[in-house]
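> Numbering (the numbering used here), first residue to last: 11 to 88. Structure below; questions to follow.
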Amino acid sequence: MITSVLKKLATAVAVFTVALAPGVLAQDLPGKGIVVRQIKGEDYTSVFQHLIVQHGLEALGYTVEEPQIANYPTIHIA
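Spelled out as structure tokens, the structure:
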């Protein structure tokens, strides 16, 4: 009986630890002070996607400079 209670207690402690670990280890703004620059293709078909990524990076604290425009073969090499 004591073994059963100890197993349940150990399981509860493990679940509690795993549930709280990401919040404790997470940083508020992991990109604070870091400057990034996106690179995008010459066409404007993916402007919306780049704006979503830009807003996400800014929400994480990154400073996002104006994107660099290049042709697609150059982007894939970079």
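Ideal Cβ placement from N, Cα and C applies to all residues, glycine included. Note that the structure is predicted; figures quoted are calculated from it, not measured.
1. By Cβ distance below 8 Å, which residues in the same chain neighbour R47 in space, the five residues on each side in sequence not counted?
2. Please state whether DSSP places I44 in a helix, a strand or coil.
3. So what does V15 bridge to, in DSSP terms?
4. Please give me, in chain order, every unbroken run of the beta strand (DSSP E) with length at least 3 that falls completely inside the region 45-83.
5. Do you know how far the Cα of G51 is from the Cα of L61?
In short:
1. V74, E75, E76, P77 and Q78
2. coil
3. In DSSP, V15 forms no bridge with anything.
4. 45-50 and 73-79
5. 14 Å
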